[in-house]
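Residue numbering for the sequence shown is 254 to 487, as defined by the working numbering. Single-structure report; data block below.
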Amino acid sequence: MHNFALIGAAGYIAPRHMRAIKDTGNKLVAALDQFDSVGIIDSFFPESAFFTETERFDRHMDKLRRKGEHKIDYVSICSPNYLHDAHIRLALRNEANAICEKPIVLNPWNVDALSEIEKESGKKIFTILQLRLHPSIIKLKEQVENGLKDKIYELDLTYITSRGRWYFISWKGDVQKSGGVATNIGVHFFDMLTWIFGDVKKNTVHVSNEDTAAGFLELEKARVRWYLSLRKET
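Here it is as structure tokens:
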């Protein structure tokens, strides 16, 4: 059994992490969120410690590590995107592995810094890109791998999902905090495409605003015209 901590306990995705921790026979020993509407914890780990201040949460993790009792093995990070970098560092600094919701970071240069911290700490950073586990996606990857080696596929990827007014008032509607539509929503599709069709050779963005993003990707085995929108009237 592994001991878990969770950051972002009041968020939308946190209950899925709690259920996964419980269903895999592990234990949540500490949780953090600045908001205290976290009654969902009772459904999974009512004995878990809970904090609304990062400083006290960090101190608690440090105490557990020093005592050797219930030392945290993994930290599930379900916080807003712009906080992922800091929360990953907090986990590794406390000698715990980090399981971070997508995207790991908003700025590419942060990846190099986190890679260095991984080496220094001996711990790992994991992210969640679940489309790779979808049976139809796995089947498509196998078809491409078993197909003509020099074939270049022509693809159109369109994803339209409406969001209410709340979205644009929340951190998700703030490009500086979420990374925008392409980062917050498109990351799953871009990962899927590169997993199946290879590395990016060319990347062109034609449209990028608060509710729409569109562009062109040239991959090793595909040419992709992509369009993402949060506008229901599109």
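Glycine included, each C-beta is placed from N, C-alpha and C at the ideal position. These figures come from a predicted structure and were not determined experimentally.
Between residue i and residue j, what straight-line distance do the alpha-carbon atoms span, to the nearest angstrom?
{"i": "residue 315", "j": "residue 347", "result": "6 Å"}
{"i": "residue 312", "j": "residue 322", "result": "14 Å"}
{"i": "residue 439", "j": "residue 301", "result": "34 Å"}
{"i": "residue 295", "j": "residue 267", "result": "13 Å"}
{"i": "residue 308", "j": "residue 357", "result": "22 Å"}
{"i": "residue 455", "j": "residue 372", "result": "31 Å"}
{"i": "residue 203", "j": "residue 435", "result": "Nothing about residue 203 can be reported from this structure: the residues present for the chain run from 254 to 487 only."}
{"i": "residue 317", "j": "residue 324", "result": "5 Å"}
{"i": "residue 466", "j": "residue 389", "result": "25 Å"}
{"i": "residue 484", "j": "residue 416", "result": "7 Å"}
{"i": "residue 445", "j": "residue 310", "result": "35 Å"}
{"i": "residue 427", "j": "residue 463", "result": "8 Å"}
{"i": "residue 413", "j": "residue 400", "result": "30 Å"}
{"i": "residue 351", "j": "residue 379", "result": "6 Å"}
{"i": "residue 442", "j": "residue 362", "result": "22 Å"}
{"i": "residue 260", "j": "residue 293", "result": "14 Å"}
{"i": "residue 451", "j": "residue 432", "result": "24 Å"}
Return the residue from the list the options that minimises the CA-CA distance to residue i.
{"i": "residue 283", "options": "454, 291, 257", "result": "257"}
{"i": "residue 472", "options": "478, 480, 453, 378", "result": "453"}
{"i": "residue 329", "options": "460, 413, 280, 469", "result": "280"}
{"i": "residue 386", "options": "417, 299, 449, 399", "result": "449"}
{"i": "residue 327", "options": "482, 345, 303", "result": "345"}
{"i": "residue 306", "options": "340, 319, 292, 274", "result": "340"}
{"i": "residue 254", "options": "273, 262, 432", "result": "273"}
{"i": "residue 359", "options": "410, 337, 411", "result": "337"}
{"i": "residue 376", "options": "382, 354, 343", "result": "343"}
{"i": "residue 470", "options": "461, 429, 482, 457", "result": "457"}
{"i": "residue 298", "options": "271, 319, 290", "result": "271"}
{"i": "residue 374", "options": "291, 410, 433, 349", "result": "349"}
{"i": "residue 232", "options": "419, 418, 430, 447", "result": "There is no way to answer for residue 232, as the model of the chain reaches only from 254 to 487."}
DSSP three-state label for residue i, please.
{"i": "residue 250", "result": "Nothing can be reported for residue 250, as the shown portion of the chain is limited to 254 through 487."}
{"i": "residue 283", "result": "strand"}
{"i": "residue 468", "result": "strand"}
{"i": "residue 418", "result": "helix"}
{"i": "residue 214", "result": "Outside the modelled stretch of the chain, which goes from 254 to 487, sits residue 214, for which no answer is possible."}
{"i": "residue 297", "result": "coil"}
{"i": "residue 306", "result": "coil"}
{"i": "residue 390", "result": "helix"}
{"i": "residue 449", "result": "helix"}
{"i": "residue 216", "result": "Outside the shown range of the chain, which is 254 to 487, sits residue 216, and nothing can be said about it."}
{"i": "residue 423", "result": "coil"}
{"i": "residue 482", "result": "strand"}
Opposite residue i in the DSSP bridges: which residues?
{"i": "residue 256", "result": "280"}
{"i": "residue 328", "result": "258, 351"}
{"i": "residue 408", "result": "477"}
{"i": "residue 380", "result": "353"}
{"i": "residue 368", "result": "For residue 368, which the question treats as bridged, DSSP gives no partner whatsoever."}
Q. Does the region 422 to 439 touch the region 322 to 336, meaning 3 or more C-beta pairs lie closer than 8 Å?
A. Between the region 322 to 336 and the region 422 to 439, the count of C-beta pairs closer than 8 Å reaches three or more; the two stretches touch.
Q: Decide yes or no for the touch test of the region 363 to 371 against the region 381 to 396: beta carbon pairs closer than 8 Å, at least 3 of them.
A: With a cut-off of 8 Å, the region 381 to 396 and the region 363 to 371 do not count as touching, because too few Cβ pairs lie within range.
Q) When the Cβ atoms of the region 262 to 276 are set against those of the region 285 to 294, are three or more pairs found closer than 8 Å? A) Under the three-pair Cβ rule at 8 Å, the region 262 to 276 counts as touching the region 285 to 294.
Q: Tell me, please, whether the region 466 to 484 touches the region 403 to 417 by the rule of three or more beta-carbon pairs shorter than 8 Å.
A: By the C-beta criterion, the region 466 to 484 is judged to be in contact with the region 403 to 417, since at least 3 inter-stretch pairs fall below 8 Å.
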